[in-house]
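Worksheet: one structure, shown below.
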Amino acid sequence: MSARVTFWGVRGSIPCPESDFMHYGGHTSCVSVELGETLLILDAGSGLQKLGRSDLVKRYKTLHLLLSHAHLDHIMGLPFFAPLYDPAYTVHIYARPATGETVDGILKKMLTPPFSPVTTETFRATLQFHGFGDGDPLSIAHHAIATHALNHPGGSTGYRIPTETGSLCYITDTEHTVGETDQGLVRFIQNSDCLIYDSMFCDTNFAPYIGWGHSTWQEGVRLKDKANIKTFFLFHYSPDAVDEDLRDLEMRLETSYGSKVRLAKEGLCVYV
Ligand SMILES: [Zn+2]
Ligand SMILES: [Zn+2]
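Residue 58 in the working numbering is what sits at position 5 of the sequence shown, and the numbering runs on without skipping anything.
Here is the structure:
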């Protein structure tokens, strides 16, 4: 059985709950991956709240949440995630903390007054924190997941998840060097069926944002070609990218690449 991948939040930086953003979605990063009896959740952006209210999450009592990093747009959904308040759940949280930090220490920093009335002590689910180092492999319910350190201020982690028929790579919040190929990243994502990649900017408007830790959809296309990826999903859209712009881009990409290059959209569900 192939993995079912659902996009709950596809936006970068800040939620955009406005009419101009509703087609592709305003919630920040959150993607679920159903691997048989195992539910993986990639990032805990504001889309996590909607996942927490869904029937999907009710089918599992053990959840595995893999964080790319702890910037707010990737963890802001945590205090609003219903399973954390239900003692029937066990939630494993995985992240690669900076030296000297722990995963629970990082979350405690965010979930503390005066920033939040909720602390990690408020949660009633059983929480288990799993820190790991650069490039360490993870074994989650017998699934061997590879990790890769990305180029982002404070660091970010990419994940490669095996499915029964292939693999899925989640690579967000990473910056490429203009004109250079990141050979380490190409090796990491090589021959994947599905690449979800940071497409915050485009090549033509990238220059002012060099150093911000993000990439372009064109770099995603180049990686798709160099690494022999079957399907590339644009992801982590700029909060300035309104539906009209993204629709135009989607039509252009469809003409050029057919179903090999697609735009992630809130609520979209695909099988990998
Ligand atoms: Zn981000
Ligand atoms: Zn970030």
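The beta-carbon is built from N, C-alpha and C at its ideal position, and this holds for glycine as well.
The DSSP-derived three-state label of Thr-200 is strand. For the segment 272–307, the full-length beta strand (DSSP E) segments reaching 3 residues or more read 284–288 along the chain. In this structure, Ser-209 has its beta carbon less than 7 Å from a heavy atom of ligand 2. Within the same chain, Ile-224, Thr-225, Asp-226, Thr-227, His-267, Ser-268, Phe-288 and His-289 come within 7 Å of Asp-251 by CB-CB distance, once the 5 residues on both sides are set aside.
Of all alpha-carbon atoms in Leu-203, Pro-215, Pro-206 and Pro-132, the one lying nearest the alpha-carbon of Leu-88 is that of Pro-215.
Nearest Cα to Ser-85 within the set Pro-261, Asn-258 and Cys-222: Cys-222.
By the C-beta criterion, the segment 202–212 is judged not to be in contact with the segment 68–80, since fewer than 3 inter-stretch pairs fall below 8 Å. Here His-127 carries a helix assignment [DSSP, helix/strand/coil]. For Gln-236, the enclosing alpha helix (DSSP H) has its first and last residue at 236–242. Distances from the CA of Cys-83 to each of Leu-131, Phe-176 and Leu-302 were compared; the closest alpha carbon is that of Leu-131. Under the DSSP assignment, Ile-249 falls in the beta strand (DSSP E) whose first and last residues are 247–251. With 16 or more other Cβ atoms inside 10 Å of its own Cβ, Leu-276 counts as buried. Here the alpha carbon of Leu-191 sits roughly 20 Å from the alpha carbon of Gly-158.
Those residues that have a beta carbon less than 5 Å away from any non-hydrogen atom of ligand 1 are, in order along the chain, Gly-65, Asp-126 and Asp-226. In this structure, Ala-194 lies away from Arg-213, with their beta-carbon atoms at least 8 Å apart.
Ala-135 and Gly-105 have their C-alpha atoms roughly 5 Å apart.
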